[in-house]
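Structure first, then comments.
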Amino acid sequence: MTIQPINISYTCRSVLECTSRCLKLNDTCQAFLFDLKKSKCLLGSYVITSGTPRNINEHVFCIQQSGISTQATTQTTAQTTSTAQTPTQTTQGLKGCRSNFTYSTNTSTCLWFSGDPGKSASYAHRDLAALNCQAKGAHLVTTKTLAKLKYLEATYDTIFWVGLRYDSTSQVYVWDEDGSSLTIETHNNIFSSSSYQPSSSECVYYTTFYLIDETSCDNDSTYICEHQPI
16 MTIQPINISY
26 TCRSVLECTS
36 RCLKLNDTCQ
46 AFLFDLKKSK
56 CLLGSYVITS
66 GTPRNINEHV
76 FCIQQSGIST
86 QATTQTTAQT
96 TSTAQTPTQT
106 TQGLKGCRSN
116 FTYSTNTSTC
126 LWFSGDPGKS
136 ASYAHRDLAA
146 LNCQAKGAHL
156 VTTKTLAKLK
166 YLEATYDTIF
176 WVGLRYDSTS
186 QVYVWDEDGS
196 SLTIETHNNI
206 FSSSSYQPSS
216 SECVYYTTFY
226 LIDETSCDND
236 STYICEHQPI
């Protein structure tokens, strides 16, 4: 599986930055290939479902109405299957969720996704996404466990902003939900980077394969708002 290129490529630090480049071209770019090792982003018009061999570091993504879909993975991870169960949810309000939020028994929280199927996906830079969640009485989703990341991946199948940001003053990552610091143990379990301090960017997003990573706060992405039942 590969893409039909449109002869536009960039050097990007992350999948999210590559996604932002593609989205700025509107309908011209409907897919992209990202090389993790070379940090190369190749834009395309559509996905080609052929047996064309790809480099083991290359990943193919497709722009969908509901967000960014991972169309292919590396040979190493292709055999990995998610252990997350199909989301079990209740109707709105039964568990004290705010308007348009849905209660999930998997997370025991109320969730709202900006790219829900059936409506045009809403993309925003990190600060705007956080403000939108605050206006809803919520915060950007907290992802402190690998199990929760697997559930969110299985449910939404796209990249999204995470409610975690690096505080350059205190020099620690801080969760939006409660202001607590990211522990070394949690960092080692869910962060793709081995360094606790970011190389340049202060914002965090869910990338692929149950990992989060840093990226520019100015990039656009879908996002998940979350709040405890009230």
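Residues in the sequence shown are numbered consecutively from 16, following my numbering.
Don't be surprised by glycine CBs; every beta carbon is placed ideally from N, CA and C.
Does the Cβ-Cβ distance between Ile14 and Cys148 come in under 9 Å?
What is shown of the chain runs 16 to 245, which leaves residue 14 out entirely.
If you follow the alpha helix (DSSP H) that Cys218 is in, where does it begin and where does it stop?
Note, Cys218: premise wrong, no alpha helix (DSSP H); beta strand (DSSP E) at Cys218 to Tyr221.
For Ala153, does the three-state DSSP call read helix, strand or coil?
coil
Pick helix, strand or coil for Ser60, following the three-state DSSP scheme.
strand
Take Glu200 as the anchor and find which of Asp193, Tyr188, Phe128 and Gly194 has the nearest alpha-carbon.
The residue from Asp193, Tyr188, Phe128 and Gly194 with its alpha-carbon nearest to that of Glu200 is Tyr188.
Determine, using beta carbons only, whether Thr170 and Ser29 come nearer to each other than 9 Å.
no
Which residues does DSSP list as the beta-bridge partners of His242?
Cys125
Can you say whether Asn234 is buried or exposed, counting buried as having 16 or more other CB atoms within 10 angstroms of its CB?
buried
What number of angstroms, rounded off, separates the C-alpha of Leu10 from the C-alpha of Ile63?
Residue numbering for the chain in the displayed model covers 16 to 245; residue 10 lies beyond these limits and cannot be assessed.
Give me the Cα-Cα distance between Thr26 and Leu179, rounded to the nearest whole angstrom.
25 Å
Mapping DSSP to helix, strand and coil, what is Glu32?
helix
Helix or strand or just coil, what does DSSP make of Leu197?
Of the three classes helix, strand and coil, the one that applies to Leu197 here is coil, per DSSP.
Go ahead and label Asp228 buried or exposed: buried means 16 or more other beta carbons lie within 10 angstroms of its beta carbon, across all protein chains shown.
Buried: at least 16 other Cβ atoms inside 10 Å.
With DSSP as the reference, identify every bridge partner of Cys112, one or two as the case may be.
In the DSSP output, where bridge partners are listed per residue, Cys112 has none listed.
Can you tell me which of the three DSSP states Thr89 falls into?
The predicted position of Thr89 is uncertain, since its pLDDT is 32 and thus under 50; a value taken from the coordinates is nonetheless stated next. Thr89: coil per DSSP, three-state reduction.
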